[in-house]
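Basically the working numbering = 1-based index in the sequence shown + 606.
We put the CB at the ideal spot given by N, CA and C, even for glycine.
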Amino acid sequence: MEAHSRRVPLDKRKRTETSCDKCKGRKQKCDRMMGQAQCRYCEIHNIECTTTQPRKKRIYGSVEGLGGRLALLESLVKGLVPEADLSSNDEMQQLGKSLGIPLPQIDDAVVNIERSHGRHDEEAALPLLPDQQGQVQYIGPSSSFSFHLKLRKLIGNYSSLEFAMFGRNAAEECDISEISTPPKAGETNQGGQRTLSNASSNYGSPADTVKEIDGPVLDLLIDAYFDIIHADFPVLHEASFRESYEVWSASTSTANPVWLCGLLCVLILARRVASVQVPEEAEQKWWRHVQTLLPTVFFSSNLSAIQALMLVALHLHNTSHRDACWNITGTAIRIAYAIGLHRDDVKYVQSPLSRELRRQLWWTLYRFEQIQVSSYDRPTAIEHDVSSVGCPNERIVGGAGHSQDFTKWSQKLVLLLGSACKALNRSGSGNNAEDVYNRPLSPAAAVLRDLSRWKDDLPSHLRLEVMESLAPTSRRSLLLLHIQFHYIVTLLTRSALLRRATALAKDNNESLPQSLLTVSETCVDSGRSLGKLLRKLDSINKFNACTWFDIFYTVQAALVLVLDINCRVKQQRSESSTGSQTLLRDLASLIGRHLRDPRVPGSMQKWASVIIDVSSTSDQFTAAYQLQSITAPIQELSPTSTQPAMVDVHSLSHTLADTQASSSRYDAAGQNEPFSPEDFNLIKENNQEFWAQLSFGDDANDPLQDWSWDDIESILRNSSTQPPVPENRRRLL
């Protein structure tokens, strides 16, 4: 370039073209100009003036504009390569190599920083939690249990060393003495319990045990299974199952033990939802026979074995044996791989019905496992690209009361659930929950955008606006589809809401980033929508408290709502928390009504106690803050007094009593009824025990544990020796 073509002539140029190494190290301006051998500093100190370090790269343009540009680039890449992982430089370099695209070299310093962060996450201590059998279980930090535990540190202080949802061994005998004769000598094992074979022999054969129940009663149980349970958990084909059942009923020959195991599980599950009453002793006998048949099922590799194992797993999940459910589900997945259920291109002569049933079973198994993965934050057993299996044809397998294309959109949603679980546990350490608001290009943030697109693209006949025009049999499936959508959103965003509540609890005026506030509000919106949909589900008498995840979703909504109330009251915005408070009370009311049913299983009862407990805690917390806001002006009326004014405890007790009385039952007709004393006794029998079991050796002095609800009076006065409040001030209360 000619000298006269430069915008700044050389003689007037003030910036050095290239600084020497010494001046760079001193972080001082280097005055060496072009043509000079040394700068002034090196010349004075007789130092060799050399330049070996590369010039620092500068970013020109607006830094704020880079976020939008990067988001556009990410969308382009995801559009061309949907399975691309853009979470780190290493992943993007691997993607470029796989596509044969040359990529520039990345600064080593950036790579080292990323790797050091990765090592820090992997080295984070993750505890193994004890269960009720004295064993230890891994529960990830992004799990629902961990979320419950962190929230408990904000609203209570209990300690125990058990995990309530992982009960005792499912193979142990329960109440056998009530329904069978005592064991003979020599029929006990070392632990004093009868062996499984001896226990089951007292009941006769499985077929004889089933036929002890009248035929019409068995027919009603099977009808209840396909009317209520099958739509949520499509494992069987109704026509094929009924045909096999009729053949078995009329035959005197020995039935296939794998199919018979499935029949027993159908009866066990249907007993909890059927209109006909079946004695609990019959269920216990059926379950004992299931246990004797399970070894045969384990050693079988066919569709019937997978169906039987999934039905067994659902029963175990509902009866406080979620650890055994996890193990049985994993076994079913292995058998599914063994028979090629994960591939559509398997060369096998099969009818169109068999092919579609294989697809339906695969997607049901995948969804069932992913719900457990999201709850435990454990790695999935299905690493294969599940999208390679086509969507089952609804016309062939039967839509089970679903709207058109329901299965296709439900399949897309369960894939997003799987992506959310992988994003939260991307590196295996599970410490990626905060990526959704800290890293806008992270997989977690990408899944959140994909969820938004899923909802925007939803066809009109699958939107909530058309629900009233649907047949009653189709309404639950539509509501459940949107319930699952909001559950996934809260799963991804609840860490932001918890982070916000924790910061407010510390009262340190910490400035939170806008991205965190935005994501936390997204969580609140979905939590409220989730609660309203569950309330609507109950109002149309379609709330299933016995066999599906309805109460589990209600727990998720309740915990989000109580955190929202917490944040708004702490921010002196109690009037804006009224909607969440009312919704939380309605959820507690409907759960209290369902708890009256003695057939509600153990897992559901424990979850229900959480909902009731957090609702009561929220009412007390709000009432305490309202009273504090009233007493603050009273204390200011007496500036010479060094002690805070005492609150009339009698007034406080009335306030809390009114708050508890405001909890009401939301019934199907939309009427509100107050709780009866029997309801509260039933609810409070286990809620303290459950919250105690959620804690195992926590530090009672943890900084997060700022509140205690055992003594509301202590919040409002410091000692019992303070003078009473004058009458003229007491009227203000």
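| Item | Value |
| --- | --- |
| Answer yes or no: do L915 and A880 have a C-beta to C-beta separation smaller than 8 Å? | no |
| Which whole-angstrom value describes the C-beta separation of T1099 and C1129, a residue pair presumed to lie in contact below a C-beta threshold of 8 Å? | 4 Å |
| Quick one, are the C-beta atoms of A1353 and G1133 less than 8 Å apart? | Residue 1353 is absent from the model: the chain starts at 607 and stops at 1339. |
| Quick one: Cα of V742 to Cα of D929, how far? | 11 Å |
| Looking only at C-alpha atoms, which of E1071, A1026, N1031 sits nearest to L1054? | A1026 |
| How many angstroms separate the CA atom of S750 from the CA atom of S980? | 7 Å |
| Output yes or no for whether 8 Å exceeds the beta carbon distance between T1160 and I1197. | yes |
| Spatial neighbours of Y1093 within its chain, please: C-beta separation below 7 Å, excluding the five flanking residues on both sides. | L1136, Y1159, Q1162 |
| What whole-angstrom Cβ distance do L1167 and L1189 have, given they're in contact under 8 Å? | 6 Å |
| By how many angstroms is the C-alpha of R878 removed from the C-alpha of R1191? | 26 Å |
| Apart from the five residues on each side of it in sequence, which residues of its chain come closer than 7 Å, Cβ to Cβ, to E623? | M640 |
| For V1220, count the other beta carbons within 10 Å of its own beta carbon; 16 or more makes it buried, fewer makes it exposed. Which is it? | buried |
| Tell me which residue opens and which closes the alpha helix (DSSP H) that S748 is part of. | It is not in any alpha helix (DSSP H) - S748 carries neither H nor E in the DSSP assignment. |
| Between the beta-carbon of Q676 and the beta-carbon of V683, is there less than 8 Å? | The residue you asked about is not Gln; residue 676 is Leu in the sequence shown. No, Cβ-Cβ distance for L676 and V683 is not below 8 Å. |
| Buried or exposed for S625, please, with buried defined as at least 16 other CB atoms from any protein chain shown within 10 angstroms of its CB. | buried |
| Please report the straight-line C-alpha distance between Q956 and L842, rounded to a whole angstrom. | 17 Å |
| Contact check, P985 vs N933 under 8 Å by CB: the rounded distance? | Not a contact, Cβ separation roughly 14 Å. |
| Which value, in whole angstroms, describes the spacing of the CA atoms of Y982 and L1140? | 23 Å |
| Quick check: the stretch 889-904 against the stretch 861-878, are there 3 or more CB pairs under 8 Å? | yes |
| Compute the beta-carbon to beta-carbon distance between L1076 and S1009, rounded to the nearest angstrom, for a pair I have assumed lies under 8 Å. | 7 Å |
| With the cut-off set at 8 Å, would you say L760 and A1194 are in Cβ contact? | no |
| If we ignore side chains and look at the alpha-carbon of each, how far apart do K1212 and K662 end up? | 60 Å |
| According to DSSP, simplified to helix, strand and coil, what is T624? | coil |
| Might you give, ordered along the chain, the residues of its own chain that have their beta carbon closer than 7 Å to the beta carbon of L1070, omitting 5 neighbours on each side? | H1088 |
| Q642: which of A944, C655, T858 sits nearest, CA to CA? | C655 |
| With burial defined as no fewer than 16 other Cβ atoms inside 10 Å of the residue's Cβ, what is the status of Q966: buried or exposed? | buried |
| Measure the Cβ-Cβ separation of I945 and S907 and say whether it is below 8 Å. | yes |
| Along the alpha helix (DSSP H) that carries Y1159, what are the first and last residues, could you check? | 1156-1176 |
| Distance, Cα to Cα, A910 vs L959? | Checking the displayed sequence, the identity of residue 910 turns out to be Ser instead of Ala. One C-alpha to the other measures close to 15 Å. |
| Between which two residues does the alpha helix (DSSP H) holding Y831 run? | First-last for Y831: undefined, no H or E at that position. |
| Rounded to whole angstroms, what's the CA-CA distance from L1047 to E680? Just pull it up for me. | 7 Å |
| Give the DSSP-derived three-state secondary structure of S1048 in the structure shown. | coil |
| Pull up the CB-CB distance for H1200 and A1151, whole angstroms please, since I reckon it's below 8 Å. | 4 Å |
| Closest to D825 by C-alpha separation, out of V896, S1145, H836, S855, would be which residue? | S855 |
| Starting from the C-beta of G996, find all residues in its chain whose C-beta is less than 7 Å away, skip the five residues before and the five after it, and write them out in chain order. | D950, R965 |
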